[in-house]
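**Student:** Here our numbering runs 14 ahead of the position in the sequence shown, where the first position is 1. All residues carry an ideal CB built from backbone N, CA and C; glycine is no exception.
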Amino acid sequence: VRDEIEQLMDDDGDMAEMYLTEKKLRMDSTYGDQSMIVYGSIGAGVSVSAPVSPVSSPPESRRLEKSLSIGRSRHESMRSTESGEDIEELEMLLETYFVVIGSTLNKLTS
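(1) Pull up the distance between the alpha-carbon of glutamate 105 and that of arginine 40, whole angstroms please.
(2) Is the separation between the beta-carbon of isoleucine 115 and that of valine 15 shorter than 8 Å?
(3) Would you mind stating whether phenylalanine 112 and glutamate 18 have Cβ atoms separated by less than 8 Å?
(4) Using the Cα positions of leucine 119 and glycine 27, report the straight-line distance between them to the nearest angstrom.
(5) Is the beta carbon of leucine 22 closer than 8 Å to that of leucine 108?
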């Protein structure tokens, strides 16, 4: 167990995968973004959650796509900063477990 914790602490990718809340939010965000706009056969964006008018205006759909893209990039940059802090928090927690396991191992072997 001690070796596995040490190996996990050495790999930031594994640490990020262990942060399950962030992983769930990332998955929800990915699938939420994909289901927000559905493209019809004429290529205009149609909102899934809002009622659709029979006349679509391509310039409005382009503006919507642009604003969604800007919002996504802002969200991604904020998440990457938070992700680094989350990994550090998880590392501190695993280091505490590592010390406890080492202490328990020493007690068992003595």
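**Tutor:** On the basis of the supplied data:
(1) Translated into positions along the sequence shown, residue 105 becomes position 91. Translated into positions along the sequence shown, residue 40 becomes position 26. CA-CA distance, glutamate 105 to arginine 40, rounds to 20 Å.
(2) In the sequence shown, the residue the question calls residue 115 occupies position 101. In the sequence shown, the residue the question calls residue 15 occupies position 1. Yes, these two residues count as a Cβ contact at 8 Å.
(3) Translated into the one-based positions of the sequence shown, residue 112 becomes position 98. Translated into the one-based positions of the sequence shown, residue 18 becomes position 4. For phenylalanine 112 and glutamate 18, no; Cβs fall outside 8 Å.
(4) Numbered from 1 along the sequence shown, position 105 holds the residue referred to as residue 119. Numbered from 1 along the sequence shown, position 13 holds the residue referred to as residue 27. Rounded to whole angstroms, the separation of the alpha carbons of glycine 27 and leucine 119 is 28 Å.
(5) Position 94 of the sequence shown, counting from 1, holds the residue named residue 108. Position 8 of the sequence shown, counting from 1, holds the residue named residue 22. In contact: leucine 108 and leucine 22 (Cβ atoms closer than 8 Å).
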